[in-house]
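Taking it in order: structure first as structure tokens, then the write-up.
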Amino acid sequence: MLAREGIEWGLLGPREVERLWSRHILNSAAIAELIPLGASVADVGSGAGLPGIPVALLRPDLHVTLIEPLLRRSNFLTHSVDDLGITRQVAVRRDRAEQVRQTFDVVASRALAPLDRLIRWCLPLMNDDGQILAIKGASAQQEVADHGRLIADSGLTADIVTVRAAPEVDPTTVIRLRLA
Ligand SMILES: C[S@@+](CC[C@H](N)C(=O)[O-])C[C@H]1O[C@@H](n2cnc3c(N)ncnc32)[C@H](O)[C@@H]1O
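Numbering (the UniProt record's numbering), first residue to last: 1 to 180.
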């Protein structure tokens, strides 16, 4: 679906087709092991469903809400969730994170925003005993260092975790934030 409608609808560039598994799907799926059993999960800025859809497919015990403000992207998400037959497990909300008044055990995101903006958007969506899982690239360490003050002032602690969905792909770097 990503290789077909994902490209046709302009959600991914055509050059991504050959690296859909390594760079996108497995990079997203890797965070599944960090999520507790039966958790409610928000995927903020889900785009083409990353990381929310691979995580939901791997973990039928989770309840996943895909939050995406752009119409074309949220239409793609609704279409994908219907086509995959996972409408009972996965909800799609066409909203900006700031408009959502619901809280979750895990607030996940991938390529959403710089860490300071990400914290402002995601912290109100997190249950008190929950966690924010932000998939980041090589910038993770630097972003945590740059925003140490905001992290502390928000009452959070941060750690950086690397996880891997398969041995042959690059690890996924995640900034995990929890209330201190
Ligand atoms: C760079 S894309 C990443 C999409 C997807 N997570 C991925 O990894 O391919 C960022 C997404 O965040 C969405 N977004 C931007 N601002 C947002 C906000 N305030 N609340 C929720 N989503 C937002 C955009 O519409 C876009 O789909």
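Glycine included, every Cβ here is placed at the ideal spot set by N, Cα and C.
{"Query": "Tell me, please, which residues DSSP counts as bridged to F87.", "Result": "First, the amino acid is wrong: residue 87 is Thr here, not Phe. DSSP output for T87 lists no bridge partner at all."}
{"Query": "With distances taken from CA atoms, which of Q141, S109 and F76 is nearest M126?", "Result": "S109"}
{"Query": "Can you check DSSP and say which residues form a bridge with R178?", "Result": "T157"}
{"Query": "Report back the beta-carbon spacing between T157 and A180 to the nearest angstrom; my notes put them in contact at under 8 Å.", "Result": "5 Å"}
{"Query": "Hey, how far is the Cα of A145 from the Cα of S139?", "Result": "10 Å"}
{"Query": "So does the segment 21-37 actually touch the segment 50-60, counting three or more Cβ pairs closer than 8 Å?", "Result": "yes"}
{"Query": "What's the call for G45, buried or exposed, on a 16-neighbour Cβ count within 10 Å?", "Result": "buried"}
{"Query": "Going by the CB atoms, is the gap between D105 and D129 shorter than 9 Å?", "Result": "yes"}
{"Query": "Quick check on the DSSP output: the alpha helix (DSSP H) that includes A29 runs from which residue to which?", "Result": "L26 to A29"}
{"Query": "DSSP has D43 in a bridge; who is on the other side?", "Result": "L66 and A108"}
{"Query": "Relative to the C-alpha of I132, which residue among I119, G10, D95 and R73 is closest?", "Result": "I119"}
{"Query": "Is G155 near ligand 1, with its Cβ less than 8 Å from a heavy atom?", "Result": "no"}
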